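S.K.:
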Amino acid sequence: MEFSSSPALREAAELELLGVDYMHWRLPDGGDLYVTRHGRPFAAQLHPDSWFAAGWFEANREKLVGTSTVYRVRTRPAGSRPPLDLVVKWCRVGAQIPVDTFTFTQFVEAEFNSPYEEFALAMELRADRRPPRIIAHKPLGVYVPPHRLELWQLGRTLARMERKKALYREVELDIYRQYILIYQWIEGCSLTEHYGALPGGVEAHRDEMETIANDCRRALETKGFRMLDFKPEHVIVRPRRDGALLRRRDGSLVYALVDFELLQRTPEHERSVQAERRSRYLQHQSHRFEPPRGHSFPPHLRPSQVMGVDYVFGHSESTGGALWVVGRDPDLFDYFLPERWRRTHRERLSPHREVWHTRTKDEIHLVWKVSRVGEIPDVAPDDPAAEAIRRHGYNSPFEEFAIALALARRGVPTTYPRAIYMTGQPRVASAPADPGRHESHARWHDPDGEPVLRPDRNYIEVWGYWNGADETLAARSTPVCEPVSLLDARDRGWITPGECEEWLDRAQADLAAVGWQDLRRDPGHLLLSRTPDGKFWRDETGRPILRWCNFSLFRRTT
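Counting from 1, position 376 in the sequence shown corresponds to residue 672 in my numbering; the numbering is continuous, with no gaps.
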C-alpha cells in the first residue's frame, strides 16, 4: 500500500496531546493512527498494513523479554522506502501492576501510563540535553485497532481507567480498545543479555551490572525522572567485538533507556514543570495582542477578528467544539482547550448562574460562565429597568468581550476576557427563545465560514480570575490581591451598606461618562481588590478601585 499517496494521509488532522504534536489518521476500517514528528518520515511503514497485517505480523515478529506484550517486528517495504525495524508494545493502562512488594508499598498509587502520557514523558526526556547524556527510546506512533474487547480480555478495571481519565481529561481513552505503542528499534542488547552471555553468566557479573544500573537510575533522577520498576533490562548497551561496552571519549557509557510505562517525573520536577508552564502563560498573556514572534500560525489554528477583537481560532479535537482565544498569540490556544479547565476542581461563584472559579491543569486561575445569549432575561416585576432589560436581551459572548476591551481602553477597569468556547454537542433547546442576537450576528463568520453565533450550540465565556494585572504577574508570578465582589464585601461586613451604594453610584457614573450603562444595577457586577493585609486597593485620591466583571446587560448610551 502506497500510504503516502492515499486519501487517508491527505485527510490527516494535526493535533497536540499532552504537549506532543501528532498527525492523526482515521483509517478506513475504523482504526486510528497517531504519528509523532519522529514518525512522520516513516508514515508509510507505520501504517498497520505494513506491519500488523494478518500473516505478516506473525511471520515477522520476535517476542522480546519482559512482562508486557512487546515485539520486534520488521515492516514491509513501502514504495521506495526500505523495511523498518519497530518495537511494538501493547499499552497496559488500566491494568494491575505486577511489581514486587517493596515497589508496591513505596508507590501504592502508581498506575501504568496511558499511551499519550508515556510518549509525552519520553519526548520530554529526549529533549533534555543537559549532562549526563541519556538516549531515550524514540516514539514513532500509536496505533488504535478498531475492534473493541471486553475488560477481562484487556486486563483493565473500570476504577483504574476512570482514575487515569480524571488526570488527563484532554485525551480520549476508550476503555474497550487496545493501544499499541510504536518505537524505533535500537541496536544493542540489555545489560542482562550482555552479562548473561559472558562466562559465568549474570551471577558472576551481578555487582558490575548492578553498579551500571544504579548509575543509570541516578542519572535519570538528575533529569527529574524516575522509573518505578527500574531494571537492568531497561538499559540498552552496545557491546564491542572485544566484549567491552561502547563508551564515549570521556569514558562515560553509551546506553539507551527503554520501557516507559512506569516512567514518572519526580515530585520536585513536576512542580517545576507546572511553574514553568504557568510562567510562560503569564509572559504570553502580557503580549497577547502583539503579532506572533518568529513563527506563523500552525496549520490547525487561524487568526480571526470578531467585532474588532483579535482571536486565535481553532477546534477542540477532543470535543468537536470550537475555540476563540483572545489575542494574536497561537501559543496561548492550548491553555484554553476545554479539557484543561472543564473537569478540574471548581467553586461556584453565583447562586443564580453557571459561573465557576477553577484552577486549570496548568495551575492557572480562571472563571468560566455559561452564556445566556438567546434566553429571555428574568427580571423582577418592580424593577424600573425591567422593560429595557427585556427589550435589550443578553449580550453575546463576542459582544461582552468587545465591551470589556473597549472599556479597558477608555480607562475603566475590567476583568480580562480570555476565550470563548462553543460546545461540540447541540444545545437542548431546538431554538433560542430570543433569536435577536443570532440574527444581528449573522454577518460574522469564523475562518471555516460558519456563523460565529450558532443557535444550535451553547457558549462558554472564559475570563481571567482577577488577582493582579497580567504585566505584574508575569514579573512576579504570584497573586498580588484577592477579588471580592462589592456585594460580598457588604454582606461580610467589610464595608457598610452606605459605602456599597455610594461606590456603586460612582462606578455607574464612571461608566456613563464613557458612554455605557449596566441595565441591571447589581453590586455583584463589581470587584474590589483585597490585598494580603486585608485592605482594598485605592487610587491616588484614596477611593477604592472598582473593576467590572459582568457585561451581559451592558448597552451604549451614546
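Quick reminder that beta carbons are idealized off the backbone N, C-alpha and C, glycines included.
Note that the structure is predicted; figures quoted are calculated from it, not measured.
CB-CB under 7 Å to Asp-835, same chain, minus the five flanking residues each way: which ones, in chain order?
M.R.: Locating residue 835 in the sequence shown gives position 539, counting from the first residue. The residues are Ile-841.
S.K.: For Glu-504, which option in Tyr-491, Trp-448, Tyr-755 and Tyr-761 has the closest C-alpha, if you only look at C-alpha atoms?
M.R.: Taking the first residue of the sequence shown as position 1, residue 504 is located at position 208. With distances taken between Cα atoms, Glu-504 lies closest to Tyr-491.
S.K.: Tell me the DSSP bridge mates of Ile-654?
M.R.: Reading the sequence shown from its first residue, position 358 is the one you call residue 654. According to the sequence provided, residue 654 is Thr. The question's Ile does not apply to it. DSSP output for Thr-654 lists Arg-642 and Leu-662 as bridge partner(s).
S.K.: Please confirm if the region 372–389 is in contact with the region 476–488, defined as three or more CB-CB distances below 8 Å between the two stretches.
M.R.: With the cut-off at 8 Å, the region 372–389 and the region 476–488 touch.
S.K.: Cα-Cα, which of Asp-424, Leu-313 and Arg-536 is closest to Tyr-412?
M.R.: Within the sequence shown, numbered from 1, the residue matching residue 412 stands at position 116. Tyr-412 has its Cα closest to that of Leu-313, out of Asp-424, Leu-313 and Arg-536.
S.K.: Which two residues bound the contiguous alpha helix (DSSP H) that contains Asn-754?
M.R.: For the purposes of this step, residue 754 is identified with residue 458 of the sequence shown, where counting begins at 1. Here Asn-754 belongs to no alpha helix (DSSP H); instead the beta strand (DSSP E) covers 753–760.
S.K.: Measure the C-alpha to C-alpha separation of Pro-731 and Asp-742 and round it to an integer number of angstroms.
M.R.: By one-based count along the sequence shown, residue 731 stands at place 435. By one-based count along the sequence shown, residue 742 stands at place 446. Going by the C-alpha atoms only, they are around 19 Å apart.
S.K.: Would you call Phe-585 buried or exposed, if buried means 16 or more other Cβ atoms sit within 10 Å of its Cβ?
M.R.: Locating residue 585 in the sequence shown gives position 289, counting from the first residue. Phe-585 is exposed by the Cβ-count criterion.
S.K.: Relative to the C-alpha of Pro-588, which residue among Thr-837, Val-554 and Gly-623 is closest?
M.R.: As a position in the sequence shown, residue 588 is number 292, starting the count at 1. The candidate whose alpha carbon is nearest that of Pro-588 is Gly-623.
S.K.: Taking just the CA atoms, how far does Leu-769 sit from Leu-628?
M.R.: Along the sequence shown, read from residue 1 onward, the residue named residue 628 stands at position 332. Along the sequence shown, read from residue 1 onward, the residue named residue 769 stands at position 473. Between Leu-628 and Leu-769, the C-alpha separation is close to 16 Å.
S.K.: Taking Pro-427 as part of the alpha helix (DSSP H), name the residues at either end of that continuous run.
M.R.: Counting from 1 along the sequence shown, the entry for residue 427 is found at position 131. It is not in any alpha helix (DSSP H) - Pro-427 carries neither H nor E in the DSSP assignment.
S.K.: Compute every distance between the C-beta of Asp-424 and the non-hydrogen atoms of the ligand NAD, then say whether any falls below 7 Å.
M.R.: This structure does not include the ligand NAD; it has no bound ligands of any sort.
S.K.: What residues match up with Leu-313 in a beta bridge as DSSP calls it?
M.R.: The count along the sequence shown starts at 1 and reaches residue 313 at position 17. In the DSSP output, where bridge partners are listed per residue, Leu-313 has Val-316.
S.K.: Looking at C-alpha atoms only, which residue of Ser-600, Trp-620 and Leu-487 is the closest neighbour of Val-554?
M.R.: Here the question's residue 554 lines up with position 258 in the sequence shown. When only C-alpha atoms are compared, the closest one is Leu-487.
S.K.: Would you call the region 407–425 and the region 545–559 in contact, with 3 or more CB pairs under 8 Å?
M.R.: Flag = yes, the region 407–425 and the region 545–559 touch.
S.K.: Using the C-alpha atoms, what's the distance from Asp-328 back to Gly-617?
M.R.: The sequence position of residue 617 within the sequence shown is 321, counting from 1. The sequence position of residue 328 within the sequence shown is 32, counting from 1. Cα-Cα distance, rounded: 20 Å.
S.K.: With contact counted as at least three CB pairs below 8 Å, one residue from each stretch, are the region 430–445 and the region 360–379 in contact?
M.R.: The region 430–445 is not in contact with the region 360–379.
S.K.: In whole angstroms, what is the alpha-carbon distance linking Ala-509 and Val-651?
M.R.: Position 213 of the sequence shown, counting from 1, holds the residue named residue 509. Position 355 of the sequence shown, counting from 1, holds the residue named residue 651. One C-alpha to the other measures close to 52 Å.
S.K.: Could you have a look at Met-457 and say whether DSSP puts it in helix, strand or coil?
M.R.: Here residue 457 refers to the residue found at position 161 of the sequence shown. Helix, per DSSP.
S.K.: For Phe-697, name the three-state secondary structure that DSSP assigns.
M.R.: Here residue 697 refers to the residue found at position 401 when the sequence shown is read from its first residue. Helix, per DSSP.
S.K.: Over what stretch of residues does the alpha helix (DSSP H) that includes Met-882 continue unbroken?
M.R.: In the structure as shown, the chain begins at 297 and stops at 854. Residue 882 is therefore absent and cannot be evaluated.
S.K.: Helix, strand or coil for Arg-543? Go by DSSP, reduced to three states.
M.R.: Looking up residue 543 in the sequence shown gives position 247. Here Arg-543 sits in strand by DSSP.
S.K.: Tyr-631 and Asp-658 look like a contact to me (Cβ under 8 Å); what is the Cβ gap, rounded to whole Å?
M.R.: One-based indexing of the sequence shown puts residue 631 at position 335. One-based indexing of the sequence shown puts residue 658 at position 362. Going by Cβ atoms, the distance from Tyr-631 to Asp-658 rounds to 6 Å, so yes, they are a contact pair.
S.K.: Excluding the five sequence neighbours on either side, which residues of its own chain have a C-beta within less than 6 Å of the C-beta of Cys-833, listed in chain order?
M.R.: The residue labelled residue 833 in the question sits at position 537 within the sequence shown. In the sequence under discussion, the amino acid at residue 833 is Trp, which differs from the Cys named in the question. So the list reads Ser-825 and Ile-841, once near-sequence residues are dropped.
S.K.: In the DSSP assignment, what are the bridge partners of Ala-350?
M.R.: Here the question's residue 350 lines up with position 54 in the sequence shown. Looking at the DSSP assignment, Ala-350 forms no beta bridge with any residue, so it has no partner.
S.K.: Would you call the CB atoms of Val-780 and Gly-764 closer than 8 Å?
M.R.: Your numbering for residue 780 matches position 484 in the sequence shown. Your numbering for residue 764 matches position 468 in the sequence shown. No, Cβ-Cβ distance for Val-780 and Gly-764 is not below 8 Å.
S.K.: Compute the Euclidean distance between the alpha carbons of Ser-646 and Arg-817, then round it to the nearest angstrom.
M.R.: Locating residue 646 in the sequence shown gives position 350, where the first residue counts as 1. Locating residue 817 in the sequence shown gives position 521, where the first residue counts as 1. Approximately 16 Å, taken between the alpha carbons.
S.K.: Hey, quick one: how far does the beta strand (DSSP E) through Thr-719 stretch, first residue to last?
M.R.: The sequence position of residue 719 within the sequence shown is 423, counting from 1. Note, Thr-719: beta strand (DSSP E), 713–722.
S.K.: Which same chain residues, not among the five before or five after Ala-309, have their C-beta less than 6 Å away from its C-beta?
M.R.: Here residue 309 refers to the residue found at position 13 when the sequence shown is read from its first residue. Same-chain partners within the cutoff: His-320.
S.K.: Assign Gly-610 to one of three DSSP states: helix, strand, or coil.
M.R.: Along the sequence shown, one-based indexing puts residue 610 at 314. DSSP places Gly-610 in strand when its eight states are reduced to three.
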